[in-house]
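Please read the structure below before turning to the comments.
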Amino acid sequence: MSKAKRLMPTILCLILSLPAMTATGWTACDQVSYYCDVGDAVRAGSGNVDKSGVYGYNLGHGWGVFGRTTSGASSMQAGVGGENLGGGAGVWGHSATGTGVSGNGSVGVYGYSPEADGVGVLGAGSVGVRGSSINGPGVHGLTSKGAGVFAASEYGNAGGFQITEAANKSAVIRAETSGTGPGGHFKILNASSFGSALWGVNYGKGRAGFFEIKKADNPAAAVRAVTAGTGWAGSFAATNPAGRGVYIKTEGGQGLTVVGGTKSAAVPTSRGTRALYAEEASEVFFTDYGFGRLENGRIFIPIDPLFAETVNLQLDYFVFLQPYAKAELYVSRTTPEGFEVSLNTGDPGAKFAYRIVAKRKGFETARLEDASSQPESDSALNASEPDSESTNMSVSMNR
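Quick note on numbering: the sequence shown equals residues -22 to -1, 1 to 377 in mature numbering (1 follows the signal peptide of the UniProt record, and there is no 0).
Structure below.
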């Protein structure tokens, strides 16, 4: 059939349908098709400001408007394309209860804006934009300078992410960067807000937060907290009576270093909670205490075997004696198993207290080690924030 002959049924169908559409409803029409080699197959226009150039409607379960293309690798060669030379939308979809615009393909929906502050795809509704995928990302955003995906909300959550499959071990949110900035940046702009910039809650059996550095020669701290206020830079609380405070483990020599302050325990008293300070030493010692009593002026005190496992008793260790009677005592012999206390003068059955101080096993040579090397230099405290202010992070809610 020639092009001219194939055009007639289309025109005839449209003409016959118009009176029925305006009067009693839709008129059934046989399938019509039109093919063109050089121009647009179908072009329609409307001079009315509020009307559509092309309007498609389907009473059944099919498409109101359907477009297909079999060639073209460019994203601009689409089955259905929309363009608006004014300020409106190029393509607009509306649904009372379903999906206004739906896309299915390697790229389901593609939006492009040549403007610096333009929006490629804008969705508004109970769900503004919804993306679904079997294997790939549900929503994929890519940009050269701005935000790949930007979400804003006036009253609700700006972003919501959820994994619904209980057996899924993937991360709810995964952030990666090949640049020099951080993987995540969170900020509270409201000066009167008492909220947290980052909040992690776990109702399961895992951790609320986990931080790890994989690069072996990275000298930075896995977690760093800095405050310019008057509060604590870090606060840890265990509300369960069986819980514990802070656990520190290291394969190296330094487990905890406090710079510019004291190490203390906060203990409640009748005059309020008071600080009791830790005794510091120039070397790494462990100590144990006990009581003894002379028998005919002499007694051998065995060292607690469990305590002996933590110290090196092959080296000399200290024993301090405090008699509780009129007696002059001295340490007459020391061995890795214990020590002997003897009477010089006084009560041969005197009671006494003792204190043992021995080198911690594995730290026998440590003494006044250099502590000038810190996780990060003080200049890191004044490091600039991630480069997010230069990007367009203020897309209007009313576009």
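Quick reminder that beta carbons are idealized off the backbone N, C-alpha and C, glycines included.
Identity of the residue in the options nearest residue i by Cα
i	options	result
Lys304	Ala125, Gly137, Phe330	Phe330
Val309	Val297, Pro301, Gly45, Glu190	Val297
Gly68	Arg46, Glu273, Val97	Val97
Glu273	Gln140, Phe188, Ile334, Gly327	Gly327
Ala144	Gly182, Glu347, Ala206	Gly182
Arg202	Gly223, Ala136, Pro160	Pro160
Ser91	Thr121, Val117, Gly114, His72	Thr121
Phe128	Ile112, Asn146, Val99	Val99
Asn82	Trp70, Gly116, Gly106	Gly116
Ala259	Ala220, Arg338, Ala206	Arg338
Pro301	Leu291, Gly275, Thr313	Gly275
Val237	Ile112, Val262, Ser351, Gly207	Ser351
Phe214	Val87, Arg222, Gly207	Arg222
Phe263	Ser111, Gly78, Ala344	Ala344
Glu261	Gly340, Ala220, Ser248	Gly340
Gly134	Thr77, Val105, Gln292	Val105
Phe269	Ser248, Pro219, Thr208, Leu299	Leu299
Trp70	Asn322, Gly101, Ser171	Gly101
Thr228	Pro219, Asn113, Gly207, Ala200	Ala200
His39	Thr77, Gly231, Asn113, Ala349	Thr77
Close beta carbons around residue i, own chain, < 7 Å, minus the five adjacent residues each side
i	result
Gly42	Gly34, Tyr35, Asn36
Asp266	Asp282, Phe285, Ile334
Glu315	Pro280, Ile281
Glu93	none
Pro246	none
Glu154	Gly161
Asn180	Ala186
Asp325	Ala303, Lys304, Ala305
Ser248	none
Ala244	Thr251, Ala253
Per-residue burial, residue i [other beta carbons within 10 Å of its own, 16 or more giving buried]
i	result
Val319	buried
Leu167	exposed
Val289	buried
Ile151	exposed
Phe139	exposed
Lys193	exposed
Ser131	exposed
Tyr225	exposed
Leu346	exposed
Ala336	buried
Phe188	exposed
Phe317	buried
Tyr88	exposed
Leu234	exposed
Met291	Rather than Met, the amino acid found at residue 291 in this sequence is Leu. Leu291 comes out buried.
Leu321	buried
Leu307	buried
Per DSSP, cross-strand counterpart(s) of residue i
i	result
Arg333	Tyr267, Phe298
Pro280	Gly316
Pro246	Thr251
Ala305	Gly324
Arg338	Val289
Arg152	None; Arg152 has no bridge partner.
Glu261	Arg345
Any non-hydrogen atom of the ligand NAD closer than 7 Å to residue i Cβ
i	result
Val99	Annotation note on the ligand NAD: not contained in the displayed structure, which lists no ligands.
Residue range of the beta strand (DSSP E) that includes residue i
i	result
Phe317	316 to 324
Close beta carbons around residue i, own chain, < 8 Å, minus the five adjacent residues each side
i	result
Ser242	Ala253, Leu254, Tyr255, Ala256
Arg271	Ile277, Gly327, Ala328, Lys329, Phe330
Ala175	Phe164, Lys165, Ile166
Pro148	One detail in the question is off: residue 148 reads as Ser in this sequence, not Pro. So the qualifying residues of the chain are Ile141.
Met(-22)	Legend: pLDDT at Met(-22) = 49, less than 50; position of this residue unreliable, value from coordinates given subsequently. Taken in chain order, the list of residues that qualify is empty.
Close Cβ partners of residue i (< 6 Å) along its chain, the five nearest in sequence each way excluded
i	result
Asn62	Gly68
Thr312	none
Gly109	Gly116, Val117
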